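Here is the structure we will look at, set down as structure tokens.
In the working numbering, the protein residues as written are 4 to 128.
Right, dumping it as structure tokens:
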């Protein structure tokens, strides 16, 4: 069934784990799924396929699944906090993701890159 956008954050935050995967081209080119950012920003534990850069951004909040056995093991841990980090650790990661990867933060970075490119091309003389 359809889940309204306003309810997605609460659903992610209440889930035992959130499942995520990437299209082949995303995985190949190192593009991280929006669901990773959304779920981690809600303090969720996430299982996903492997893509470059995951650990640098999400810490232990996101765990990689490579085999069916990984999926079974990581989705049924007796103490998931031992692997995904406790609530305080996940909340700290969530705050960093919100601060560094929000729409506003990304828009600011795009403007910075555009201004730098303009300067390099001599348009700001």
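Glycine residues also receive a C-beta, built at the ideal position from the N, C-alpha and C atoms.
Just so you know, these numbers come straight off a predicted model, no measurement behind them.
- Here residue 67 carries a strand assignment [DSSP, helix/strand/coil].
- Between residue 94 and the set 55, 5, 44, 119, the nearest pair of CA atoms involves 44.
- Per the DSSP secondary-structure output, residue 50 pairs in a beta bridge with 22, 66.
- Each residue's CA atom was taken as its position, placing residue 31 and residue 18 some 28 Å apart.
- Rounded to the nearest angstrom, the gap between the Cα atoms of residue 13 and residue 7 is 11 Å.
- Beyond the five residues adjoining it in sequence on each side, residue 16 comes within less than 7 Å, by CB distance, of 45, 46, 47 in the same chain, given in chain order.
- Within the same chain, Cβ atoms closer than 7 Å to the Cβ of residue 53 are found at 67, 69, the five residues on either side in sequence being excluded.
- When secondary structure is reduced to three states using DSSP, residue 78 falls in the helix class.
- Residue 6 carries a coil assignment under DSSP once its states are collapsed to helix, strand and coil.
- Taking the Cα of residue 56 as reference, the smallest distance to any Cα among 112, 29, 113 is reached at 29.
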